[in-house]
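Let me begin by presenting the structure, written as C-alpha coordinates, before commenting on it.
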Amino acid sequence: MDAPRFLTDHFLIALPTLADPNFSRAVTLICQHTEEGAMGLTVNRASEYRLGDVLEQMKIGTRLQALAESPVLLGGPVQPERGFVLHEPCGDWESSFQVSAGLCVTTSRDVLAALARGEGPTRAVVTLGYAGWVEGQLEQELAENAWLTVASSSQIIFETPLEQRWAASARLMGVEVGLLTDYSGHA
(Lines of atoms letter the chains of each structure in order from A and count residues from 1; the text may use other names and numbers.)
(Lines give C-alpha, C1' and ligand atoms only; values in the text may rest on other atoms or scores of the structure.)
Protein backbone atom coordinates (compact mmCIF):
# COMPACT_ATOMS: atom_id res chain seq x y z
CA MET A 1 0.00 0.00 0.00
CA ASP A 2 1.39 3.39 -0.97
CA ALA A 3 1.88 6.12 1.61
CA PRO A 4 -0.52 9.05 1.26
CA ARG A 5 0.80 11.92 -0.84
CA PHE A 6 -0.43 14.53 1.61
CA LEU A 7 -0.44 14.00 5.35
CA THR A 8 -3.34 16.12 6.58
CA ASP A 9 -4.81 14.49 9.72
CA HIS A 10 -1.65 12.45 10.35
CA PHE A 11 0.81 12.55 13.20
CA LEU A 12 4.47 13.27 12.57
CA ILE A 13 6.36 11.41 15.28
CA ALA A 14 9.90 12.63 15.74
CA LEU A 15 12.48 9.88 15.66
CA PRO A 16 15.18 9.97 18.35
CA THR A 17 17.70 11.09 15.68
CA LEU A 18 15.83 14.37 15.05
CA ALA A 19 18.25 16.94 16.46
CA ASP A 20 16.08 20.08 16.20
CA PRO A 21 15.25 21.01 19.83
CA ASN A 22 11.85 22.34 18.71
CA PHE A 23 10.84 18.83 17.67
CA SER A 24 12.83 16.42 19.83
CA ARG A 25 10.37 13.64 20.79
CA ALA A 26 7.50 15.70 19.37
CA VAL A 27 4.15 14.54 18.09
CA THR A 28 2.81 17.02 15.55
CA LEU A 29 -0.65 16.82 14.05
CA ILE A 30 -0.54 17.88 10.40
CA CYS A 31 -3.54 20.18 10.01
CA GLN A 32 -2.98 21.14 6.37
CA HIS A 33 -0.63 19.68 3.76
CA THR A 34 -0.63 20.66 0.10
CA GLU A 35 1.90 21.07 -2.68
CA GLU A 36 2.71 24.52 -1.25
CA GLY A 37 3.74 23.21 2.18
CA ALA A 38 2.36 22.03 5.49
CA MET A 39 1.10 23.38 8.81
CA GLY A 40 0.80 21.43 12.03
CA LEU A 41 0.36 21.69 15.78
CA THR A 42 2.61 19.89 18.23
CA VAL A 43 0.33 18.13 20.72
CA ASN A 44 2.69 16.81 23.39
CA ARG A 45 4.59 19.80 24.80
CA ALA A 46 3.28 21.95 27.62
CA SER A 47 4.09 25.64 27.69
CA GLU A 48 4.63 27.56 30.91
CA TYR A 49 1.04 28.85 30.68
CA ARG A 50 -2.31 27.57 31.84
CA LEU A 51 -5.48 28.36 29.91
CA GLY A 52 -6.56 30.66 32.75
CA ASP A 53 -3.47 32.81 32.06
CA VAL A 54 -4.39 33.12 28.39
CA LEU A 55 -8.04 33.86 29.15
CA GLU A 56 -7.04 36.51 31.69
CA GLN A 57 -4.69 38.17 29.19
CA MET A 58 -7.57 38.27 26.70
CA LYS A 59 -9.91 39.65 29.38
CA ILE A 60 -12.15 36.58 29.24
CA GLY A 61 -13.36 35.43 32.64
CA THR A 62 -14.15 31.86 33.63
CA ARG A 63 -15.42 30.17 36.77
CA LEU A 64 -14.46 26.74 35.47
CA GLN A 65 -11.41 25.89 37.58
CA ALA A 66 -10.49 22.72 35.66
CA LEU A 67 -10.55 24.67 32.40
CA ALA A 68 -8.44 27.50 33.87
CA GLU A 69 -5.86 24.97 35.11
CA SER A 70 -5.58 23.05 31.82
CA PRO A 71 -2.19 23.34 30.11
CA VAL A 72 -1.57 25.42 27.03
CA LEU A 73 0.67 23.54 24.60
CA LEU A 74 3.62 24.69 22.52
CA GLY A 75 2.14 24.20 19.07
CA GLY A 76 5.41 24.99 17.31
CA PRO A 77 8.11 27.59 16.87
CA VAL A 78 6.30 29.77 14.29
CA GLN A 79 4.29 32.73 15.66
CA PRO A 80 4.42 31.58 19.32
CA GLU A 81 2.26 34.55 20.32
CA ARG A 82 -0.65 33.26 18.22
CA GLY A 83 -3.21 30.86 19.69
CA PHE A 84 -4.84 27.86 18.06
CA VAL A 85 -7.70 25.79 19.45
CA LEU A 86 -7.78 22.19 18.21
CA HIS A 87 -11.24 20.84 18.96
CA GLU A 88 -14.07 18.35 18.48
CA PRO A 89 -16.75 18.79 17.26
CA CYS A 90 -16.15 21.49 14.70
CA GLY A 91 -19.07 23.86 15.34
CA ASP A 92 -19.66 27.28 13.83
CA TRP A 93 -16.80 29.62 14.80
CA GLU A 94 -15.58 32.82 13.16
CA SER A 95 -12.24 31.49 11.94
CA SER A 96 -11.95 27.71 11.63
CA PHE A 97 -10.69 25.15 9.23
CA GLN A 98 -11.43 21.46 9.16
CA VAL A 99 -8.64 18.92 9.68
CA SER A 100 -10.93 15.88 9.41
CA ALA A 101 -14.64 15.07 9.56
CA GLY A 102 -14.89 15.93 13.26
CA LEU A 103 -11.66 17.77 14.07
CA CYS A 104 -11.12 21.49 13.50
CA VAL A 105 -8.66 24.27 14.29
CA THR A 106 -10.05 27.65 15.31
CA THR A 107 -8.06 30.84 15.72
CA SER A 108 -10.83 33.26 16.68
CA ARG A 109 -11.63 34.56 20.15
CA ASP A 110 -15.24 33.32 20.08
CA VAL A 111 -14.28 29.69 20.70
CA LEU A 112 -12.23 30.65 23.79
CA ALA A 113 -15.10 32.74 25.15
CA ALA A 114 -17.48 29.81 24.64
CA LEU A 115 -15.07 27.42 26.37
CA ALA A 116 -14.83 29.85 29.30
CA ARG A 117 -18.63 29.83 29.65
CA GLY A 118 -18.77 26.03 29.45
CA GLU A 119 -20.47 26.22 26.04
CA GLY A 120 -17.55 25.43 23.74
CA PRO A 121 -16.55 22.28 21.92
CA THR A 122 -16.74 19.03 23.88
CA ARG A 123 -12.98 18.47 23.64
CA ALA A 124 -10.33 21.12 23.04
CA VAL A 125 -6.58 21.66 23.23
CA VAL A 126 -5.12 25.17 23.09
CA THR A 127 -1.67 25.73 21.59
CA LEU A 128 0.59 28.71 21.12
CA GLY A 129 2.42 28.79 17.81
CA TYR A 130 2.49 26.28 15.02
CA ALA A 131 4.90 24.22 12.97
CA GLY A 132 5.27 25.13 9.32
CA TRP A 133 7.05 23.67 6.31
CA VAL A 134 7.56 25.37 2.95
CA GLU A 135 7.07 23.58 -0.34
CA GLY A 136 9.08 20.34 -0.39
CA GLN A 137 10.57 20.80 3.11
CA LEU A 138 8.45 18.19 4.89
CA GLU A 139 8.94 15.72 2.06
CA GLN A 140 12.72 16.23 2.39
CA GLU A 141 12.60 15.63 6.15
CA LEU A 142 10.57 12.47 5.57
CA ALA A 143 13.15 11.27 3.01
CA GLU A 144 15.85 11.90 5.63
CA ASN A 145 13.96 9.64 8.09
CA ALA A 146 13.37 12.40 10.64
CA TRP A 147 9.73 11.40 11.20
CA LEU A 148 7.40 8.45 11.43
CA THR A 149 3.89 9.11 10.11
CA VAL A 150 0.60 7.57 11.13
CA ALA A 151 -3.07 8.54 10.91
CA SER A 152 -3.98 10.74 13.87
CA SER A 153 -5.96 9.62 16.90
CA SER A 154 -8.40 11.82 18.82
CA GLN A 155 -7.82 9.63 21.86
CA ILE A 156 -4.13 10.59 21.88
CA ILE A 157 -4.86 14.28 21.26
CA PHE A 158 -7.53 14.65 23.92
CA GLU A 159 -7.16 11.80 26.42
CA THR A 160 -3.59 10.52 26.60
CA PRO A 161 -1.34 12.29 29.15
CA LEU A 162 1.18 14.61 27.45
CA GLU A 163 4.23 12.65 28.56
CA GLN A 164 2.80 9.44 27.01
CA ARG A 165 1.76 10.82 23.62
CA TRP A 166 5.11 10.27 21.83
CA ALA A 167 5.25 6.56 22.64
CA ALA A 168 1.49 6.07 22.26
CA SER A 169 1.52 7.65 18.79
CA ALA A 170 4.32 5.37 17.61
CA ARG A 171 2.46 2.35 19.01
CA LEU A 172 -0.37 3.14 16.57
CA MET A 173 1.96 1.77 13.90
CA GLY A 174 3.43 -1.01 16.05
CA VAL A 175 6.68 0.78 16.91
CA GLU A 176 8.18 1.03 20.39
CA VAL A 177 9.89 4.35 19.69
CA GLY A 178 11.69 4.35 23.04
CA LEU A 179 13.68 1.33 21.91
CA LEU A 180 15.04 3.09 18.81
CA THR A 181 18.58 4.44 18.91
CA ASP A 182 19.38 8.13 18.71
CA TYR A 183 21.94 7.63 15.98
CA SER A 184 21.80 6.35 12.44
CA GLY A 185 24.22 4.97 9.94
CA HIS A 186 24.45 4.11 6.28
CA ALA A 187 25.56 0.82 4.81
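First residue of the sequence shown: 31, per the numbering used here; consecutive thereafter. Cβ atoms here follow ideal geometry from the backbone N, Cα and C, with glycine treated the same way.
(1) Anyone know if the C-beta pair for Val156 and Gly150 falls short of 7 Å?
(2) Under a Cβ-count criterion, where at least 16 other Cβ atoms within 10 Å of its own Cβ denotes burial, should Leu97 be classed as buried or exposed?
(3) So what does DSSP say about Trp196, is it helix, strand or coil?
(4) With three or more beta-carbon pairs closer than 8 Å as the criterion, would you say the segment 195-209 touches the segment 166-180?
(5) Rounded C-beta distance between Ile60 and Leu42? I'm assuming under 8 Å.
(6) On the DSSP bridge assignment, give the partners of Leu104 in chain order.
(7) Quick one: what's Trp123 bridged to in DSSP?
Let me spell this out:
(1) no
(2) buried
(3) For Trp196, the three-state secondary structure derived from DSSP is helix.
(4) yes
(5) 6 Å
(6) Leu158
(7) In DSSP, Trp123 forms no bridge with anything.
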